[in-house]
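At position 61 of the sequence shown (counting the first as 1) the number is 88 in the working numbering, and the numbers step up by one without a gap. The C-beta atom is built at its ideal place from N, Cα and C for all residues, glycine as well. Notes follow once the structure below has been shown.
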Amino acid sequence: MTTRIIGISAFYHDSAAALLIDGKFVAAAQEERFTRKKHDAGFPTNAIRFCLEQAGLTISDI
Numbered sequence: 028m029t030t031r032i033i034g035i036s037a038f039y040h041d042s043a044a045a046l047l048i049d050g051k052f053v054a055a056a057q058e059e060r061f062t063r064k065k066h067d068a069g070f071p072t073n074a075i076r077f078c079l080e081q082a083g084l085t086i087s088d089i
């Protein structure tokens, strides 16, 4: 069985997401890269989407 983990940092400066599959780093991104808002503190929807796309997954796969 494959273990997939999405790590999320949100609602504080520099929100971000990271994806690990079976303990191996696959992708990570800060939300500000997508919103162009420095130190974006919102929920990292775009960063999560990016991480999932990099692995060819959807949120249902997590």
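| Asked | Found |
| --- | --- |
| Cβ neighbours of Phe70 in the same chain (closer than 6 Å, five flanking residues each side left out) | Ala37 |
| Cβ neighbours of Gln81 in the same chain (closer than 6 Å, five flanking residues each side left out) | Ala54 |
| Inter-residue spacing [alpha-carbon to alpha-carbon] between Phe61 and Ala68 | 13 Å |
| Whether Ile35 touches Leu47 by CB criterion (9 Å) | no |
| Cβ neighbour criterion (16 or more within 10 Å) applied to Ser42 | buried |
| According to DSSP, residues forming a beta bridge with Arg76 | Arg76 pairs with nothing; no bridge assigned. |
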